[in-house]
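Student: Here you go, one structure.
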Amino acid sequence: MNIKVSKILLLLLMFAFALSNCSGQKSKKPENITKSEYAIVIHGGAGNFSLDDISKERQIEYQEKLKESLLAGKKVLKSNGSAIDAVEACINILEDSPLFNAGKGSVFTHSGTNEMDASIMNGNNRNVGAVAGVKHIKNPISGARAVMEKSKHVMLSGDGADRFAASVGLDTVAIDYFYTERRWQQLQQILKKEKQQGLNSKKGTVGCVVYDKNGNLAAGTSTGGMGNKMYGRIGDSPIVGCGSFADNNTCGISFTGHGEYIIRMVAAHDIAALMEYKNMDLKAAMTEVILNKLKKIGGDAGAIGIDKNGNIEMIFNTTGMFRGFLKAGKEPEIFLDSSNTNRFK
Ligand code: ASP
Numbered sequence: 653m654n655i656k657v658s659k660i661l662l663l664l665l666m667f668a669f670a671l672s673n674c675s676g677q678k679s680k681k682p683e684n685i686t687k688s689e690y691a692i693v694i695h696g697g698a699g700n701f702s703l704d705d706i707s708k709e710r711q712i713e714y715q716e717k718l719k720e721s722l723l724a725g726k727k728v729l730k731s732n733g734s735a736i737d738a739v740e741a742c743i744n745i746l747e748d749s750p751l752f753n754a755g756k757g758s759v760f761t762h763s764g765t766n767e768m769d770a771s772i773m774n775g776n777n778r779n780v781g782a783v784a785g786v787k788h789i790k791n792p793i794s795g796a797r798a799v800m801e802k803s804k805h806v807m808l809s810g811d812g813a814d815r816f817a818a819s820v821g822l823d824t825v826a827i828d829y830f831y832t833e834r835r836w837q838q839l840q841q842i843l844k845k846e847k848q849q850g851l852n853s854k855k856g857t858v859g860c861v862v863y864d865k866n867g868n869l870a871a872g873t874s875t876g877g878m879g880n881k882m883y884g885r886i887g888d889s890p891i892v893g894c895g896s897f898a899d900n901n902t903c904g905i906s907f908t909g910h911g912e913y914i915i916r917m918v919a920a921h922d923i924a925a926l927m928e929y930k931n932m933d934l935k936a937a938m939t940e941v942i943l944n945k946l947k948k949i950g951g952d953a954g955a956i957g958i959d960k961n962g963n964i965e966m967i968f969n970t971t972g973m974f975r976g977f978l979k980a981g982k983e984p985e986i987f988l989d990s991s992n993t994n995r996f997k
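In the working numbering, the protein residues as written are 653 to 997.
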């Protein structure tokens with residue numbers, strides 16, 4: 653056999669091998685799992701509260717705003733938007749409402765300022781963006797997204813973040829935009845009641861996790877932080893792996909609750925790690941982190957999550973967590989306290 657012929661034979665062999673590999677992949681059995689077309693889950697904060705302390709009218713306002721947020725996310729997904737687009741749209745609605753502790757309705761620090769934190773993460777490529785301690789960005793979640801997409805960095809804080817947001821054309825506002833009488837009175841009450849300075853975990857932080865039709869997960873969290881926090885304090889919400897996490901191989905998560913404990917537990921990433929390394933499902937992993945690990949160290953918290961097949965979970969160790977979800981072809985479902993915890997199953 654001359655060299656030319658043997659080269660041709662070799663090429664033919666390689667071609668046949670490549671073909672057999674391709675067809676091998678095609679004939680791989682499909683996984684026996686029903687995947688959701690899309691799924692959206694949101695929270696409006698966890699806390700130890702009684703619905704008896706919230707007027708019926710106020711409860712309806714909360715429910716309607718949460719529903720509006722879910723429907724905004726659905727609209728984005730229906731018009732071919734991505735999971736990230738939907739997370740931003742859902743959270744923007746809640747940030748613009750004075751009802752929630754994020755954006756417009758942010759709580760006050762001990763010094764009487766409003767300082768907001770937010771993060772957003774794309775489970776498709778693990779890109780992430782965050783802003784911390786911002787005072788002028790009208791929608792901190794959009795600031796976080798801009799950091800992810802328009803800067804070389806992952807997190808910007810304070811003045812630098814506010815200036816960056818303005819430079820990329822985001823809405824920035826004067827600090828009195830974030831003044832709401834309700835939050836101011838809340839701070840006055842906390843200051844009156846407390847001899848020593850303590851943090852006050854008012855429900856109201858907002859978060860969202862979305863699973864889109866391409867199987868991409870995204871998660872975001874936005875907050876005014878803990879009421880009566882020290883000037884300059886940064887919580888879990890802008891920290892990747894603590895307040896938010898998303899990875900298409902495991903899950904998307906958004907946390908709410910006492911940030912210092914959520915940070916110590918690296919809670920959102922811990923859930924994903926239990927799924928990846930211990931093969932737990934989303935419910936088991938969230939239960940372990942929220943009802944066992946966080947509970948043990950005294951961390952009041954709750955989280956929402958979606959796994960890589962679009963399954964939703966909402967778990968908290970407080971008396972309530974404002975929350976809701978929407979699945980393809982279904983009506984939004986909203987819950988405020990611990991009732992109906994398993995209805996989404
Ligand atoms: N986790 C937020 C923080 O510690 C507060 C909350 O979710 O209520 O800043």
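Just so it is clear, CB atoms sit at the ideal spot from N, CA and C, and this is done for glycine as well.
Is the number of C-beta pairs between the segment 810-827 and the segment 737-750 that are closer than 8 Å three or more?
Tutor: Contact between the segment 810-827 and the segment 737-750 is absent, because fewer than three Cβ pairs lie under 8 Å.
Student: May I have a chain-ordered list of the alpha helix (DSSP H) segments no shorter than 4 residues that lie completely inside the segment 918-978?
Tutor: Complete alpha helix (DSSP H) runs here, min 4: 919-930, 934-938.
Student: Return yes when at least one heavy atom of ligand 1 lies under 7 Å from the C-beta of ILE967, else no.
Tutor: In the sequence shown, residue 967 corresponds to position 315, counting from 1. Checking every heavy atom of ligand 1 against the Cβ of ILE967, none is found closer than 7 Å.
Student: Only counting the same chain, and skipping five residues up and downstream in sequence, which positions put a Cβ closer than 6 Å to that of GLY962?
Tutor: Locating residue 962 in the sequence shown gives position 310, counting from the first residue. Answer for GLY962: LYS687, SER688, ALA691, TYR863, listed in chain order.
Student: Less than 8 Å between the beta carbons of ILE793 and ILE772, yes or no?
Tutor: One-based indexing of the sequence shown puts residue 793 at position 141. One-based indexing of the sequence shown puts residue 772 at position 120. Result yes, Cβ atoms of ILE793 and ILE772 sit closer than 8 Å.
Student: Taking only three categories from DSSP, how would you classify ASN774?
Tutor: Locating residue 774 in the sequence shown gives position 122, counting from the first residue. Note: ASN774 maps to strand in three-state DSSP.
Student: Following the continuous alpha helix (DSSP H) through GLY810, name the residue where it begins and the one where it ends.
Tutor: For the purposes of this step, residue 810 is identified with residue 158 of the sequence shown, where counting begins at 1. It spans 810-819 - the alpha helix (DSSP H) in which GLY810 sits, taken as one unbroken run.
Student: Report the three-state DSSP secondary structure of VAL892 (helix, strand or coil).
Tutor: On the sequence shown, position 240 is the one that residue 892 refers to. Here VAL892 sits in strand by DSSP.
Student: Got a sec: does ligand 1 put a non-hydrogen atom nearer than 7 Å to the Cβ of ILE914?
Tutor: In the sequence shown, counting from the first residue as 1, residue 914 sits at position 262. ILE914 Cβ: within cutoff of ligand 1.
Student: Let me know the secondary structure DSSP gives VAL799 once reduced to three states.
Tutor: Here the question's residue 799 lines up with position 147 in the sequence shown. The answer is helix: DSSP assigns VAL799 an H, G or I state.
Student: Would CYS747 be called buried (16 or more neighbouring beta carbons within 10 Å of its own) or exposed?
Tutor: Counting from 1 along the sequence shown, the entry for residue 747 is found at position 95. Sequence check: residue 747 is Glu here, not Cys. Its Cβ being crowded by 16 or more others within 10 Å, GLU747 is buried.
Student: Should SER896 go down as buried or exposed, given a rule of 16 or more other Cβ atoms within 10 Å for buried?
Tutor: For the purposes of this step, residue 896 is taken as the residue at position 244 of the sequence shown. Its Cβ being crowded by 16 or more others within 10 Å, SER896 is buried.
Student: Work out the CA separation of HIS921 and GLY872 for me, nearest whole Å.
Tutor: Along the sequence shown, read from residue 1 onward, the residue named residue 872 stands at position 220. Along the sequence shown, read from residue 1 onward, the residue named residue 921 stands at position 269. Computed Cα separation, rounded: 14 Å.
Student: Identify whether ASN779 lies in helix, strand or coil by the three-state DSSP scheme.
Tutor: In the sequence shown, residue 779 corresponds to position 127, counting from 1. DSSP places ASN779 in strand when its eight states are reduced to three.
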